[in-house]
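Residue 86 in the working numbering sits at position 40 of the sequence shown, and the numbers go up by one each step.
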Amino acid sequence: MDNETLKNYLETNSQVVTIFMTKATDFLNRQNMERLPARRFNDAEINRKAEKMLASVIDNIREKIAPHTRDQTTAAWEAFLTENDVLDELELSMSELTFEQED
Numbered sequence: 047m048d049n050e051t052l053k054n055y056l057e058t059n060s061q062v063v064t065i066f067m068t069k070a071t072d073f074l075n076r077q078n079m080e081r082l083p084a085r086r087f088n089d090a091e092i093n094r095k096a097e098k099m100l101a102s103v104i105d106n107i108r109e110k111i112a113p114h115t116r117d118q119t120t121a122a123w124e125a126f127l128t129e130n131d132v133l134d135e136l137e138l139s140m141s142e143l144t145f146e147q148e149d
């Protein structure tokens with residue numbers, strides 16, 4: 047399963063993407079408010095940065111799951127995700143996720 051297919055599957059079958067994007071956008075907005083007013087990012091830039099962060103998370107999830115599936119078909123991935131309650135675990139992880147400011 048490629049990253050885009052995995053992202054679409056997660057969006058359709060869980061709240062993983064929604065939870066992550068909400069937290070990432072909130073974090074980026076807080077970070078943005080600390081910038082000088084003239085140097086602040088607009089909403090489109092914040093969304094691009096959040097999407098980039100999400101792409102990294104999706105890639106990380108895919109890399110962790112890929113070794114555990116013999117067949118790389120969408121059906122095999124869906125079976126693995128269902129049988130191992132991966133979506134529930136991912137939702138829990140995302141709900142516990144916190145972003146910290148870099149100093």
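Even glycine gets a Cβ: it sits at the ideal position worked out from N, Cα and C.
Are there three or more Cβ pairs, one per stretch, closer than 8 Å when the region 109-119 is compared with the region 60-71?
-> Taking 8 Å as the limit for Cβ pairs, the verdict is that the region 60-71 does not touch the region 109-119.
Could you check what DSSP says for Leu127 in three-state terms: helix, strand or coil?
-> It is helical.
Taking the alpha carbon of Thr51 as the point to measure from, which residue in Asn93, Gln118 and Gln77 has its own alpha carbon closest?
-> The residue from Asn93, Gln118 and Gln77 with its alpha-carbon nearest to that of Thr51 is Gln118.
Span of the alpha helix (DSSP H) around Ala84 = Here Ala84 belongs to no alpha helix (DSSP H), and DSSP marks it neither H nor E.
DSSP state of Thr119, grouped into three classes?
-> Three-state DSSP puts Thr119 in coil, outside helix and strand.
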